[in-house]
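What follows is a short report on a single structure.
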Amino acid sequence: MTSLIPGANAALTAENPGLTELMIGFGWEIIPSRGPQSELVPLAILCDAQGKSLSNDHLVFFNQIVSQDGSVGFRDDLDTEEIDVDLARVPAEVAKIVFVVYVDPDVRGAGNFSSVRSAYVRVATRDNRELVRFVLPSGEYRTVDVLMFGELYRHRDDWKFRALGQGYSTGLRGVAADFRIDL
Amino acid sequence: MALNSSPVRTDIGFLRRRVKPAAPAAVARDAAATEPEPRRAASAGLSLAPATTGTAASPARPASVATAPATVSPDSLPFPAPTIDEVRELGENEPVLRLNARESAVGSLIVSGADLAVWEDADRVTGSESAAGDTAGTPVTTAGNRPLVGFDEADAIVSLRHLQRLRRALFIARGPHTLGVQIFDGSTVTTARGDDSRMFILCLLRVGNLVELRAEPVDRTASDEAILSQFGFTLTPHVATRESRSR
């Protein structure tokens, strides 16, 4: 297992021949509060070569797109959220898949990442063999309400994962503008 | 009136959010409260999943049938409905609109002008709150320590992050103003005022993973209780619980 720092990348398929299915796991801790708490939501954005979302529908989050067969279950309790990627079926026009976690913008005190600790993203095989992990530096995102955790991207015929750790203080509107999504 | 007849996407099956196994009790509840959901493709299409957070999952791989999203027959696909961008006023001529999956899930749905908000969650727990702060029935609070439906100052708020917990809600305005709805992207819609004998109330329904908004005409002289009864709401008695005292 490889630990990454912001900006670092790891060759996934080149170092793991035959790897076609990945599980992207996200985790975090929220400092408990009696009042409204930040609620984090992972979001995967499928991007073209220009780094823009292919369409408004090329998003995966809790309310859009889950495989209907239901055969994929939650194998362990390590992660708060998990997203599966079948690399063999990713269309050629998808150059990268960006994994974002946003604080739900509830008007009743949405909060930000200042109350979030121990956030990470990890990439594992379908049988949960961890390949890489990126633990986001704590204390660096106090005014941030959206964080790009990492991205899967094509490199020639292979797939790599890059740790990002880049935040937005403009919320989902900033993400929508950068990735050309209607949110 | 333009209809939203865009097809369900079936080409993104290579990427999916995992579905955490529900607790057995929750599975039973969900089965009892099954609602129609949009059509899913036969092999790898789109579907809906309950919003799950937290880490209380079983370490064992769940049984696929028990934890899978319920399959939906094509017959249960909602009829086409206009989008919020296509409707300025819900009323006699355009009584219904439907939000898309993103609009239905991000941030808060804000209802202005309401004097009473009534909710029914997925477990049929019902309650109400008035703009003045009077409550009845049973409150439903989300994991973020916010009411699933409730008032924040003068506006009624629906927590869309927890849409899957909501079954339906009603919003009633008694004053001279009409009801207004605003979603995260800033889109708005209002309800028609009605006439001397009828007024429009706002009915919010969750259809699978989508929010549907309807303007429903009711007798202007009808009491709140009569309207709730008309729409089949029976407020769940609220039993206050507290930790036992240690001696």
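Residue numbers (UniProt numbering), protein chains in the order written: chain H, 1 to 183; chain W, 1 to 247.
Ideal placement from N, C-alpha and C gives every residue a C-beta, glycine not left out.
Since we're looking at a predicted model, the values are computed, not measured.
Stretch pair the stretch 171 to 183 of chain W + the stretch 115 to 122 of chain W: three plus CB contacts closer than 8 Å: yes
Test item: CB-CB of D106/H and E21/H under 9 Å: In the first sequence, counting from the first residue as 1, residue 106/H sits at position 106. In the first sequence, counting from the first residue as 1, residue 21/H sits at position 21. Not in contact: D106/H and E21/H (Cβ atoms no closer than 9 Å).
Cβ-based burial, H58/H [other Cβ within 10 Å; buried from 16]: Your numbering for residue 58/H matches position 58 in the first sequence. With 16 or more other Cβ atoms within 10 Å, it is buried.
Pair within 9 Å by beta-carbon distance, V101/H and C47/H: For the purposes of this step, residue 101/H is identified with residue 101 of the first sequence, where counting begins at 1. For the purposes of this step, residue 47/H is identified with residue 47 of the first sequence, where counting begins at 1. No, Cβ-Cβ distance for V101/H and C47/H is not below 9 Å.
Contact the stretch 128 to 141 of chain W vs the stretch 197 to 211 of chain W: 3+ CB pairs below 8 Å: no
Cβ-Cβ separation, I183/W to E103/W (assumed contact under 8 Å), whole Å: Residue mapping note: residue 103/W aligns to position 103 of the second sequence, counting from 1. Residue mapping note: residue 183/W aligns to position 183 of the second sequence, counting from 1. Indeed, because the Cβ distance is near 5 Å, the residues count as touching under 8 Å.
Range of the contiguous alpha helix (DSSP H) that encloses D219/W: As a position in the second sequence, residue 219/W is number 219, starting the count at 1. Unbroken run through D219/W is the beta strand (DSSP E), 210 to 219; no alpha helix (DSSP H).
Per-residue burial, I5/H [other beta carbons within 10 Å of its own, 16 or more giving buried]: Translated into positions along the first sequence, residue 5/H becomes position 5. Exposed: under 16 other Cβ atoms inside 10 Å.
Reference F231/W, options I110/W, R193/W, L99/W, T126/W, closest by Cα: Position 231 of the second sequence, counted from the first residue, corresponds to residue 231/W. Among I110/W, R193/W, L99/W, T126/W, the Cα nearest to that of F231/W is on T126/W.
Three-state secondary structure assigned by DSSP to I183/W: The sequence position of residue 183/W within the second sequence is 183, counting from 1. Correct three-state label for I183/W: coil.
Opposing strand residues paired with G137/W [DSSP bridges]: Position 137 of the second sequence, counted from the start, is the residue given in the question as residue 137/W. Note: G137/W sits in a beta bridge opposite G127/W.
Contact list for the stretch 101 to 124 of chain W against chain H, Cβ threshold 9 Å: A101, R102, E103, S104, A105, V106, G107, S108, I110
Neighbourhood of R142/H by C-beta distance below 6 Å, restricted to the same chain and skipping five residues each side: Walking along the first sequence from the start, residue 142/H turns up at place 142. These residues qualify, in order along the chain: S114.
Buried versus exposed call for E93/H [16 or more other C-beta atoms within 10 Å across all chains shown]: Translated into positions along the first sequence, residue 93/H becomes position 93. Exposed is the call here.
Chain-order list of residues whose beta-carbon lies under 6 Å from that of P78/W (same chain, five-residue window excluded): Mapped onto the second sequence, residue 78/W falls at position 78. Excluding residues within five positions, the ones whose Cβ falls inside 6 Å are V207.
CA nearest to the CA of D178/H, picked from L131/H, L54/H, W159/H, L87/H: Within the first sequence, residue 178/H is the residue found at index 178, counting from 1. D178/H has its Cα closest to that of L54/H, out of L131/H, L54/H, W159/H, L87/H.
Supposed close pair I84/W, V189/W - CB separation, criterion 8 Å: Working through the second sequence from its first residue, we reach residue 84/W at position 84. Working through the second sequence from its first residue, we reach residue 189/W at position 189. Contact flag correct, Cβ pair sits at about 6 Å.
Proximity test, Cβ basis, 9 Å: N9/H and chain W: Within the first sequence, the letter at position 9 stands for residue 9/H. No, no contact with chain W.
Proximity to A163/H [Cα-Cα], best of L131/H, A49/H, A88/H: As a position in the first sequence, residue 163/H is number 163, starting the count at 1. When each option's Cα is compared against that of A163/H, the closest is L131/H.
Delimiting residues of the beta strand (DSSP E) encompassing Q166/H: One-based indexing of the first sequence puts residue 166/H at position 166. Looking at the DSSP string, the run of the beta strand (DSSP E) that includes Q166/H is 158 to 168.
Element boundaries [alpha helix (DSSP H), containing V239/W]: The count along the second sequence starts at 1 and reaches residue 239/W at position 239. No alpha helix (DSSP H) holds V239/W; DSSP gives it neither H nor E.
Neighbour list for A44/H in chain W, Cβ cutoff strictly below 9 Å: Start at 1 with the first residue of the first sequence, and residue 44/H comes out as number 44. Correct list: L15, R17.
Residues bridged to D13/H [DSSP beta-bridge criterion]: The residue given as residue 13/H occupies position 13 in the first sequence. At residue 13/H the sequence reads Thr, which differs from the Asp that was named. DSSP output for T13/H lists no bridge partner at all.
Nonlocal neighbours in the same chain, by C-beta distance under 6 Å from A10/H, ignoring five residues either side: By 1-based counting over the first sequence, the position of residue 10/H is 10. Taken in chain order, the residues that qualify are T2, V132, F161.
Proximity test, Cβ basis, 9 Å: V41/H and chain W: Numbered from its first residue, the first sequence carries residue 41/H at position 41. Judged by the 9 Å Cβ criterion, V41/H is in contact with chain W.
Short CB-CB distance (under 9 Å) between L12/H and chain W: Sequence index remark: in the first sequence, residue 12/H carries index 12 (1-based). No, because no Cβ of chain W sits closer than 9 Å to the Cβ of L12/H.
DSSP-derived helix/strand/coil call for T67/W: As a first step, residue 67/W is located in the second sequence; it is residue number 67 there, counting from the start. Confidence in T67/W is poor, its pLDDT being 34 and thus under 50, which makes the residue's placement unreliable; the coordinate value appears in the next sentence. Note: T67/W maps to helix in three-state DSSP.
Residue from Q164/W, A192/W, D152/W, R167/W whose Cα sits closest to the Cα of V87/W: To locate residue 87/W, count along the second sequence from 1; it is residue 87. Among Q164/W, A192/W, D152/W, R167/W, the Cα nearest to that of V87/W belongs to A192/W.
Close-in-space but distant-in-sequence residues of the same chain around E29/H (CB under 6 Å, 5 per side omitted): Here residue 29/H corresponds to residue number 29 of the first sequence, with the count starting at 1. These residues qualify, in order along the chain: R117, S118.
Member of L97/W, L90/W, F14/W, E89/W whose CA lies at the smallest distance from the CA of P80/W: What you label residue 80/W is simply residue 80 of the second sequence in a count that begins at 1. The shortest C-alpha separation from P80/W is found at L97/W.
Pairwise C-alpha distance: A131/W and E153/W: The residue you call residue 153/W lines up with position 153 of the second sequence. The residue you call residue 131/W lines up with position 131 of the second sequence. In a straight line, the C-alpha of E153/W is about 8 Å away from that of A131/W.
Chain-ordered neighbours of I227/W on chain H, where CB pairs are closer than 9 Å: Taking the second sequence and counting its residues from 1, one reaches residue 227/W at position 227. Per Cβ cutoff of 9 Å: no residues; I227/W is ~26 Å from chain H at best.
Three-state class that DSSP yields for A8/H in the structure shown: Looking up residue 8/H in the first sequence gives position 8. In this structure, A8/H counts as coil in the three-state DSSP scheme.
Near the ligand FMN: I24/H beta-carbon under 8 Å from a heavy atom: The ligand FMN is absent from the structure shown, which contains no ligands of any kind.
L163/W: contacting residues in chain H (beta-carbon distance under 8 Å): As a first step, residue 163/W must be located in the second sequence, where it is residue number 163. Ordered by position in chain H, the residues that pass the 8 Å Cβ test against L163/W are N63.
Nearest-angstrom Cα separation, counted from A95/H out to A49/H: Within the first sequence, numbered from 1, the residue matching residue 49/H stands at position 49. Within the first sequence, numbered from 1, the residue matching residue 95/H stands at position 95. Going from the Cα of A49/H to the Cα of A95/H covers about 5 Å.
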